[in-house]
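These protein sequence lines map, in sequence, to chains E and S.
Take the first sequence: its letter number 67 is residue 67 in the numbering used here, and every next letter is one higher.
Take the second sequence: its letter number 239 is residue 1239 in the numbering used here, and every next letter is one higher.
Here a beta-carbon is modelled for each residue, glycine too, at the ideal position from N, C-alpha and C.
Predicted, not measured: the structure shown is a model, and the values here were computed from it.
2 protein chains.
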Amino acid sequence: MRPQDIIRKKRDREQLLPAEINFFIDGVTHGQIADYQISALLMAIYLNGMNDAEQQCLTEAMLQSGSILDFSSIAKPKADKHSTGGVGDKTSLVIAPLVAACGVCVPMISGRGLGHTGGTLDKLESIPGYRVGLSATEFKDILEQVGYAMAGQTAELAPADKKMYALRDATATVEAIPLIVASIISKKGAAGLEAMVIDVKVGSGAFMREEERARALAQALVKTGNSCGIRTRALLTDMNQPLGSAVGNSIEVKECIEILRGEFDPGAQPVLDLSLELSANMLVLAHVDASLEQAHERLRQVLESGKALERFRQNVAAQGGDPRVCDDPSGILPLVSESHKVESRRPGYITAVETTEIGHAVAALGGGRVRIEDKIDASVGFMSEVKIGDQVTAGQTLGMVYSRDESRALEAVRRIQAAYQIGDEFKEDLPTLIKEVVNE
Amino acid sequence: MRPQDIIRKKRDREQLLPAEINFFIDGVTHGQIADYQISALLMAIYLNGMNDAEQQCLTEAMLQSGSILDFSSIAKPKADKHSTGGVGDKTSLVIAPLVAACGVCVPMISGRGLGHTGGTLDKLESIPGYRVGLSATEFKDILEQVGYAMAGQTAELAPADKKMYALRDATATVEAIPLIVASIISKKGAAGLEAMVIDVKVGSGAFMREEERARALAQALVKTGNSCGIRTRALLTDMNQPLGSAVGNSIEVKECIEILRGEFDPGAQPVLDLSLELSANMLVLAHVDASLEQAHERLRQVLESGKALERFRQNVAAQGGDPRVCDDPSGILPLVSESHKVESRRPGYITAVETTEIGHAVAALGGGRVRIEDKIDASVGFMSEVKIGDQVTAGQTLGMVYSRDESRALEAVRRIQAAYQIGDEFKEDLPTLIKEVVNE
Chain E
1 MRPQDIIRKK
11 RDREQLLPAE
21 INFFIDGVTH
31 GQIADYQISA
41 LLMAIYLNGM
51 NDAEQQCLTE
61 AMLQSGSILD
71 FSSIAKPKAD
81 KHSTGGVGDK
91 TSLVIAPLVA
101 ACGVCVPMIS
111 GRGLGHTGGT
121 LDKLESIPGY
131 RVGLSATEFK
141 DILEQVGYAM
151 AGQTAELAPA
161 DKKMYALRDA
171 TATVEAIPLI
181 VASIISKKGA
191 AGLEAMVIDV
201 KVGSGAFMRE
211 EERARALAQA
221 LVKTGNSCGI
231 RTRALLTDMN
241 QPLGSAVGNS
251 IEVKECIEIL
261 RGEFDPGAQP
271 VLDLSLELSA
281 NMLVLAHVDA
291 SLEQAHERLR
301 QVLESGKALE
311 RFRQNVAAQG
321 GDPRVCDDPS
331 GILPLVSESH
341 KVESRRPGYI
351 TAVETTEIGH
361 AVAALGGGRV
371 RIEDKIDASV
381 GFMSEVKIGD
391 QVTAGQTLGM
401 VYSRDESRAL
411 EAVRRIQAAY
421 QIGDEFKEDL
431 PTLIKEVVNE
Chain S
1001 MRPQDIIRKK
1011 RDREQLLPAE
1021 INFFIDGVTH
1031 GQIADYQISA
1041 LLMAIYLNGM
1051 NDAEQQCLTE
1061 AMLQSGSILD
1071 FSSIAKPKAD
1081 KHSTGGVGDK
1091 TSLVIAPLVA
1101 ACGVCVPMIS
1111 GRGLGHTGGT
1121 LDKLESIPGY
1131 RVGLSATEFK
1141 DILEQVGYAM
1151 AGQTAELAPA
1161 DKKMYALRDA
1171 TATVEAIPLI
1181 VASIISKKGA
1191 AGLEAMVIDV
1201 KVGSGAFMRE
1211 EERARALAQA
1221 LVKTGNSCGI
1231 RTRALLTDMN
1241 QPLGSAVGNS
1251 IEVKECIEIL
1261 RGEFDPGAQP
1271 VLDLSLELSA
1281 NMLVLAHVDA
1291 SLEQAHERLR
1301 QVLESGKALE
1311 RFRQNVAAQG
1321 GDPRVCDDPS
1331 GILPLVSESH
1341 KVESRRPGYI
1351 TAVETTEIGH
1361 AVAALGGGRV
1371 RIEDKIDASV
1381 GFMSEVKIGD
1391 QVTAGQTLGM
1401 VYSRDESRAL
1411 EAVRRIQAAY
1421 QIGDEFKEDL
1431 PTLIKEVVNE
């Protein structure tokens, strides 16, 4: 078998056989197939797609390419949430303690921010001392003690995915549904999950801007997840504006802690609403609750009783962070006091937000990565004060840019100001936060 | 500008701008763009194509990527022939001396055999002592003295093509028309040509099996060649059976010398016919003759007078080969006397030949390359004794396999026997050697 013959088949829209997919992924894993051959196949898959059989086989092969975490000694259901990525998308920090407080084991393998999207690991690292580079033993110990642990993908987990993901970013093949599905499910499967809820973002700040394509991705994720033995459900949720108010690292962690403390601004309400809905679905899929109603009631109790915040505190302490962040986020987190107003240039109604542009503006402040090797400045960010549908006057504050570097701040102000579309007419069809649940 | 953004545009079927194509080819030439990014773009071009403007720009950029040979001190028209490759396709060895004898300067940059096709350089090297690795000065000196010189692509000529060609072979992107066109024309343009005739092979032994696709390639070659300032014409010619009788290296050189000597078997007639037609077109494009009829008359004279053979002899001597090969090919060339009959399994008419399979069978004998680094055994080969349309009896010899290695020879006999289709009915529509001339 030769790599180029497999590439040729996909190029010519022929179905790849399991033996061919396994040969290729094995070659990727062991460095026997050249990067330029991998990327040629990635582009052929991007343009010609994969059918269900190929999709399942590719995912299984990538899942099996490395070690698989074994948490069978932990006598709890194992579940996780994954998001396809957006701007201000911080629900992992709320969901993990909520669901863990309900008796579910949450082994959360998260990612770094890249381009316009933030990353859970970057956000957590804004807590002084917090370590995400855990050994397998540490990860399991913290899971057992706290109920959840947060770490990055290691070299042992789904190494084929790690290799292919790096190439996809450099070859414009990130957005291919078969590759997204295989990447997500292979990593989750290798983390030993039984149940998984996937938050498929759709809109101007998501990889999928059109609902139809987002739905196709959600369906492929659910089908492939289930076929790999993980009970899987996907929610199509709105990403036509930043989720909540905060976009950045420290300021997003602060927003999450305020939610867990029950002391938050109204702008953060969608973060809580979405976190609760995703958590409730996790509890049902994990067979903790029989219905979403029961799950929501359980979640309300752990939130209001402070048990979720307590889990968060335990996790921060266990992962080396300063647990006082739970009591005094502003005192512990590296936040910038220097702020610059983003003003509305005209009166009217907010009709749309070019959300990706807000993500890029915050990344350019230092809050995100343009290249994978860039360092993050956890202190910078943007706090929005308006949402789609709001009426504004000329000169009204749309939000605040936080940065010590004035010239960068002014550039961010300019970009974010331009990202808000303001029209004369009230927008009738406001975006729905949760658009659809995809069960199969 | 980032390579992945250019890849993304082509992936999304957007037109690449000249600045983008130039940036990419410049990055390829100077090693600033990773192989995996080049191959992703190659696959995107394969699947999404290029329009005329992109095609011309790509070709120009590759042409300008290295040095351009300057033969302006040679006061003759410069012309060359290029073939898209086939089995037994040896016309370069006949055309170069013929056309040089007519007063045209022929700076022929040729290739090596790969896969089922042979290569002019490999064939020439079967002449003891013959060197194709000429310096630029040697190449020019021989051109001046003899009228033609034969060499391989150097690192200086169209280096972007050299890099991309190697990647195409490993990534199943060889057959893309925009890439074939840019590769051929950039090399020919860098060799300082004014006129060029391209032999576009079509049929079971060609890269293009369908006439429609071959015609599309021919049209793209002619259009792009002309737009790069080379007067270009393409001939669509038959490759549904080996050209002539000989398939191999020494035996193909022998067939060519016999043609130049005027002492050849009837099976070699198509080689002469095609060589004359391609040469006549070169003479017309080079403005040596006003019509094909005049050109044919001139060619007949240089052939019959022995002037073409004399040029061949001068070239062999100038490039270090043993010129006695012109008088006694069988005594000088490394030929194998051990032969194995390929017999017809049944009586009937030859209706079709799986020509690619014959090429592969000879390559497997050692006469060609499976991998680019393989060494050639110049002595082996296959001599066919029948052509499509011929009537055969059961057990009649279809041809002879030459090899000292009996087990390899028997394998070649088996493969070649299976490559000949023999039916009960005479095939009415025999393949036409020259199917079409494409002028624009």
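Per DSSP, which residues does residue i bridge with? Please list them.
i                      : result
residue 1350 (chain S) : S:1422
residue 1391 (chain S) : S:1349
residue 382 (chain E)  : E:247 and E:401
residue 1148 (chain S) : S:1106
residue 1043 (chain S) : The partner list for residue 1043 (chain S) (beta bridge, DSSP) is empty, contrary to what the question assumes.
residue 1412 (chain S) : According to DSSP, residue 1412 (chain S) bridges with nothing at all.
residue 1164 (chain S) : Beta-bridge pairing links residue 1164 (chain S) to no other residue.
residue 1078 (chain S) : S:1105
So with Cβ pairs under 9 Å, would you call residue i a contact of chain E?
i                      : result
residue 1439 (chain S) : no
residue 1044 (chain S) : yes
residue 1334 (chain S) : no
residue 1047 (chain S) : yes
residue 1058 (chain S) : no
residue 1289 (chain S) : no
residue 1114 (chain S) : no
residue 1265 (chain S) : no
residue 1169 (chain S) : yes
Hey, does residue i have any beta-carbon neighbour from chain S nearer than 9 Å?
i                     : result
residue 21 (chain E)  : no
residue 283 (chain E) : no
Cβ of residue i within 8 Å of any heavy atom in the ligand FAD?
i                      : result
residue 1020 (chain S) : As presented, the structure is devoid of all ligands, the ligand FAD included, so that no description of it is given.
I need the DSSP call for residue i, collapsed to helix, strand or coil.
i                      : result
residue 1187 (chain S) : helix
residue 1083 (chain S) : strand
residue 1029 (chain S) : helix
residue 355 (chain E)  : helix
residue 1366 (chain S) : helix
residue 53 (chain E)   : helix
residue 233 (chain E)  : strand
residue 284 (chain E)  : helix
residue 1376 (chain S) : coil
residue 1158 (chain S) : coil
residue 1275 (chain S) : helix
residue 1196 (chain S) : strand
residue 343 (chain E)  : strand
residue 322 (chain E)  : coil
residue 1434 (chain S) : strand
residue 1202 (chain S) : strand
residue 59 (chain E)   : helix
residue 1224 (chain S) : helix
residue 1117 (chain S) : strand
residue 429 (chain E)  : coil
residue 1005 (chain S) : helix
Report the option in the options whose CA atom is closest to the CA atom of residue i.
i                      : options                           : result
residue 1185 (chain S) : S:1340, S:1059, S:1433 and S:1326 : S:1059
residue 1409 (chain S) : S:1421, S:1362, S:1371 and S:1086 : S:1362
residue 1064 (chain S) : S:1401, S:1228, S:1265 and S:1298 : S:1228
residue 397 (chain E)  : E:405, E:403, E:411 and E:416     : E:416
residue 91 (chain E)   : E:294, E:270, E:290 and E:336     : E:270
residue 115 (chain E)  : E:407, E:423 and E:365            : E:365
residue 173 (chain E)  : S:1298, S:1012 and S:1129         : S:1012
residue 1042 (chain S) : S:1438, S:1028 and S:1053         : S:1028
residue 348 (chain E)  : E:98, E:328, E:395 and E:261      : E:395
residue 284 (chain E)  : E:80, E:4 and E:334               : E:80
residue 1330 (chain S) : S:1133, S:1020 and S:1253         : S:1253
Quiz item: In chain order, what residues of the stretch 171 to 186 of chain E put their CB closer than 8 Å to some CB of chain S?
Solution: Correct list: 171, 172 and 173.
Quiz item: Going along the stretch 2 to 20 of chain E in order, which residues come within less than 7 Å of chain S, judged by CB to CB distance?
Solution: Here the close residues are 4, 7, 8 and 11.
Quiz item: the stretch 1148 to 1160 of chain S: which residues have C-beta closer than 9 Å to a C-beta of chain E, in chain order?
Solution: For the stretch 1148 to 1160 of chain S, there are no residues whose beta carbon sits under 9 Å from a beta carbon of chain E.
Exercise. Scan the stretch 1030 to 1041 of chain S for residues whose Cβ lies nearer than 9 Å to a Cβ of chain E and list them as they occur along the chain.
Key: 1034, 1035, 1036, 1037, 1038, 1039, 1040 and 1041
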